[in-house]
Each structure stands twice: as structure tokens, then as C-alpha cells.
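Structure, as C-alpha cells:
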Amino acid sequence: MKVAVVGASGYAGAELCRIIARHPTLSLGGTFVSPNSADLGKKMSDLYGSLNGICDCVLEPVSDSLSSRADAFFLATDHRVSHDLAPKLIKDGKTVLDLSGAFRLSDLKVFEKAYGFAHEHADLLKDSIYALPEFTSHEELCSKNMISLPGCYPTASQLALKPLINAKLLDAAYRPVIDAVSGVSGAGRKAKLSSSFCEVSLSAYGVFTHRHQPEIAEHLGCEVIFTPHLGPFKRGILATVTAKLKSGISEVEVDKVYQDAYAHKPLVRFKHILPQLADVQMTPFCDLGFKVSDDGYIVVISVIDNLLKGAAAQAVQVLNLHCGFDETAGLV
Numbered sequence: 000m001k002v003a004v005v006g007a008s009g010y011a012g013a014e015l016c017r018i019i020a021r022h023p024t025l026s027l028g029g030t031f032v033s034p035n036s037a038d039l040g041k042k043m044s045d046l047y048g049s050l051n052g053i054c055d056c057v058l059e060p061v062s063d064s065l066s067s068r069a070d071a072f073f074l075a076t077d078h079r080v081s082h083d084l085a086p087k088l089i090k091d092g093k094t095v096l097d098l099s100g101a102f103r104l105s106d107l108k109v110f111e112k113a114y115g116f117a118h119e120h121a122d123l124l125k126d127s128i129y130a131l132p133e134f135t136s137h138e139e140l141c142s143k144n145m146i147s148l149p150g151c152y153p154t155a156s157q158l159a160l161k162p163l164i165n166a167k168l169l170d171a172a173y174r175p176v177i178d179a180v181s182g183v184s185g186a187g188r189k190a191k192l193s194s195s196f197c198e199v200s201l202s203a204y205g206v207f208t209h210r211h212q213p214e215i216a217e218h219l220g221c222e223v224i225f226t227p228h229l230g231p232f233k234r235g236i237l238a239t240v241t242a243k244l245k246s247g248i249s250e251v252e253v254d255k256v257y258q259d260a261y262a263h264k265p266l267v268r269f270k271h272i273l274p275q276l277a278d279v280q281m282t283p284f285c286d287l288g289f290k291v292s293d294d295g296y297i298v299v300i301s302v303i304d305n306l307l308k309g310a311a312a313q314a315v316q317v318l319n320l321h322c323g324f325d326e327t328a329g330l331v
């Protein structure tokens, strides 16, 4: 199957190229950037030396003939670029896997507030699917060609909370609290003083205003308090999730819920110790562990690599499921 990566020069785009190169069923039909990109005409391996001999594709401009280059397209692009490009590719009968936030929120007013522009493709938004692969049904994944991938913070947060919410173990009077720390690669490849490694200190940002909060709330089906942090490390996310269990819920019951939820989910590893970031960096896994207090609070630790399970690896995982390939093909 021929696939293409749009926005290939970014960190997630580069990881997609790396995964596709080792995938047994996929071939790379092209790597694309915007026509005014400073990376236009360069080889992927010139930008990322570790791709030398793995992906030496030249970065080409997005053009009107883009859809002829592949059967499926990964959009590792700015939200507005995906918003404008996805409908054209869908119209041409292609499968689109969008790593941006352009099709993650169903409420148009919430979307405009979160992303700063009005959504102009309400019909396609309704006909798209938000694919968190551990919880989206196989039938849904196979039935849609417009596929929106979760953000990195929402992936870590939802994998921690969904089993508890689905099993109705949480006290609804208490909002779950999510404190999550990301490495600087989460800010993208374009240089900014605020995300320069030498300038970064461990700090909170986007308090009560981050666009991932409404995404997490919508797809969990409950309101949350979400506070993201930027940490002085390259990659990965550690989310500390605190919630209140219903009265009488035991640690044994919680353990069984997690065991049942992820027993057949190969890219989530449930542990009986609290995971750490080093366990998942450079891997496609989410690691989870929890502790329960004597008075009924639960703390869940969820760790992922933001560029892999939070972006590129999850996108390929979803395409694998969509096409009926082995779920972990190209990933492990």
C-alpha cells in the first residue's frame, strides 16, 4: 500500500518516514511540505542524519496533483493546513490520517475558540472518526476514510482514565485532575525562544485554556482539570492523573478493570509498579500504573513517547487496524 507524509520535515513526520521504511506492507509514495517551506528540495536524510539510507526522499511541494501519489495520506501539518487539505483528498477517494487538531472536536463553537478559526467543513467533520485505537471499534475504524488522531496529551490522559470511566468506578462529584509534563519536542521543530532547550525550565502553561482540555473532556465524556507542563527534556509525556473512586471500590477491582481493558491491547502495558518516562521513550507503547489511597483516591501514572504513541506510531497503528494489517506492523 502506498502512503505519503505531508509535513514530513517535522518531528512527527520524520518518525512516520522511519516507521514506514520498516513496515512490511507500506511503501512511501512521497514526502511533502508547503511550497514556501525552507526545507523544500532537501532530502529527509539531510534534515535527520539518522534517516540516512532509510529515507532519502526529497521534500516536494504540496500541489494539485498530490492525491495521485498515494492511497493514504498522513497529515502531520498545522491545524489549518489539514482543515483545508483533507477535504480535497477525501473527495479524491483517499484515506486521510490527520495528526492535527482540525477534526478532533465536534462542537464548532468550541473548535473556533480552541483553534482560533472557524471550521468550514462541518459535513466532513460529522463523517470523520476520532480514533483512539484501544477504544475505537474495528467496525468504526474500517468504515471511515477521514480519521482524526488524538493529541499526545489526550492519548496519555484517556488511556489512564477510560477504563475507570467505562466501568463506572469514579465518583462523578469530583473532576479528574490531569497534570502532564511534555518534552520540548512537543512544541514542534520551528525554533521559538520559549521552547529553546537552554531556555526551558519546568513550568506550567495554558492553565484552564489549553486546547487539549475540551478534546479530553469530549472523548472521555466528563469534565477534567487539565494542566500541561513543559519539561527540560527532549521527548516523552508523563501524566499524573488523580481521581476519586466511588465508595467501596477496592484496589483489586481497579486492577481487574485495567487488566481486562488492556489484556489484548499490545501497545498498552499495564504494570504493578509506577512507570517512568525512560520506559517508553523511543517506543510505541503507553505504560500505566496506579496507586489507591486508604480514603478512596486513585493516582494513575501514564507515560508515552509524544512523537510515537502520541503521534506517528499511533497513526500507523490506526492505519494498520483500518486496513486489516497486524496492529503492531512496523512498530515492534
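Residues 0 to 331 in numbering that gives the first Met the number 0 are what the sequence shown spells out, letter by letter. Yeah, the Cβ is synthetic: ideal placement off N, Cα and C, and Gly gets one too. The model shown is predicted, which means the values in this text are computed figures rather than measured ones.
Short Cβ contact (8 Å threshold) for residue 86 with residue 316: Along the sequence shown, read from residue 1 onward, the residue named residue 86 stands at position 87. Along the sequence shown, read from residue 1 onward, the residue named residue 316 stands at position 317. One thing to note: residue 86 has its Cβ no nearer than 8 Å to the Cβ of residue 316.
Collapsed DSSP secondary structure at residue 322 in the structure displayed: Here residue 322 refers to the residue found at position 323 of the sequence shown. Residue 322 carries a helical assignment under DSSP once its states are collapsed to helix, strand and coil.
Own chain partners of residue 246 with C-beta closer than 7 Å, once the 5 adjacent residues on each side are dropped: Indexing the sequence shown from 1 puts residue 246 at position 247. Spatial neighbours of residue 246 in its own chain (CB-CB distance under 7 Å, excluding positions within 5 residues in sequence) are listed in chain order as 295.
Close beta carbons around residue 110, own chain, < 6 Å, minus the five adjacent residues each side: Residue mapping note: residue 110 aligns to position 111 of the sequence shown, counting from 1. The beta carbon of residue 110 is closer than 6 Å to those of 104 and 118 in its chain, skipping five residues each way along the sequence.
Distance, residue 329 Cα to residue 21 Cα: Stepping through the sequence shown from its first residue, residue 21 is reached at position 22. Stepping through the sequence shown from its first residue, residue 329 is reached at position 330. Looking at the two C-alpha atoms, the distance is approximately 6 Å.
Alpha-carbon spacing of residue 33 relative to residue 83, whole angstroms: Looking up residue 33 in the sequence shown gives position 34. Looking up residue 83 in the sequence shown gives position 84. If I take the Cα positions, the gap works out to 13 Å.
Straight-line gap, residue 149 to residue 128 (C-alpha atoms, nearest Å): For this step, residue 149 is matched to residue 150 along the sequence shown. For this step, residue 128 is matched to residue 129 along the sequence shown. Answer to the nearest angstrom: the Cα atoms are 10 Å apart.
Option nearest residue 309 by Cα separation, candidates 135, 234, 67 and 252: As a first step, residue 309 must be located in the sequence shown, where it is residue number 310. The candidate whose alpha carbon is nearest that of residue 309 is 234.
Option in 144, 73, 200 and 270 with minimal Cα separation from residue 312: Position 313 of the sequence shown holds residue 312. The shortest Cα separation from residue 312 among 144, 73, 200 and 270 belongs to 73.
Other residues of its chain near residue 299: CB distance less than 6 Å, five sequence neighbours each side excluded: Within the sequence shown, the letter at position 300 stands for residue 299. Same-chain partners within the cutoff: 159, 240 and 289.
Bridge partners - residue 288, DSSP secondary structure assignment: The residue labelled residue 288 in the question sits at position 289 within the sequence shown. Partner(s): 300.
Limits of the unbroken beta strand (DSSP E) element including residue 235: Here residue 235 is taken as the residue at index 236 of the sequence shown, counted from 1. Under the DSSP assignment, residue 235 falls outside any beta strand (DSSP E); it carries neither an H nor an E label.
Close beta carbons around residue 14, own chain, < 8 Å, minus the five adjacent residues each side: One-based indexing of the sequence shown puts residue 14 at position 15. So the list reads 306, 307, 310, 311 and 312, once near-sequence residues are dropped.
Nearest-angstrom Cα separation, counted from residue 210 out to residue 112: As a position in the sequence shown, residue 112 is number 113, starting the count at 1. As a position in the sequence shown, residue 210 is number 211, starting the count at 1. Their backbone Cα atoms lie some 9 Å apart in a straight line.
Residue 36, DSSP secondary structure in three states: For this step, residue 36 is matched to residue 37 along the sequence shown. Note: residue 36 maps to coil in three-state DSSP.
Assigned exposure category for residue 79 - 16 Cβ within 10 Å defines buried: Counted from its first residue, the sequence shown places residue 79 at position 80. A residue is called buried when at least 16 other Cβ atoms come within 10 angstroms of its Cβ; residue 79 does not meet this threshold and is exposed.
Close-in-space but distant-in-sequence residues of the same chain around residue 186 (CB under 7 Å, 5 per side omitted): Counted from its first residue, the sequence shown places residue 186 at position 187. 194.
Alpha-carbon spacing of residue 146 relative to residue 176, whole angstroms: Within the sequence shown, residue 146 is the residue found at index 147, counting from 1. Within the sequence shown, residue 176 is the residue found at index 177, counting from 1. If you draw a straight line from the Cα of residue 146 to the Cα of residue 176, it is about 28 Å long.
Extent of the continuous beta strand (DSSP E) run through residue 154: Mapped onto the sequence shown, residue 154 falls at position 155. Here residue 154 belongs to no beta strand (DSSP E); instead the alpha helix (DSSP H) covers 151-165.
Which of helix, strand or coil DSSP assigns to residue 105: By one-based count along the sequence shown, residue 105 stands at place 106. Residue state for residue 105 is assigned as coil, using DSSP reduced to three classes.
Span separating the alpha-carbon of residue 66 from that of residue 242: Start at 1 with the first residue of the sequence shown, and residue 66 comes out as number 67. Start at 1 with the first residue of the sequence shown, and residue 242 comes out as number 243. Each residue's alpha carbon lies about 45 Å from the other.
Between the CA atoms of residue 31 and residue 89 - distance to the nearest angstrom: Indexing the sequence shown from 1 puts residue 89 at position 90. Indexing the sequence shown from 1 puts residue 31 at position 32. Answer to the nearest angstrom: the Cα atoms are 17 Å apart.
Which of helix, strand or coil DSSP assigns to residue 312: One-based indexing of the sequence shown puts residue 312 at position 313. In the three-state reduction of the DSSP assignment, residue 312 falls in the helix class.
Other residues of its chain near residue 69: CB distance less than 8 Å, five sequence neighbours each side excluded: Position 70 of the sequence shown, counted from the start, is the residue given in the question as residue 69. Only residues of its own chain outside the window of five on either side were considered, and among them 1, 2, 3, 28, 29 and 93 have a CB closer than 8 Å to the CB of residue 69, listed in chain order.
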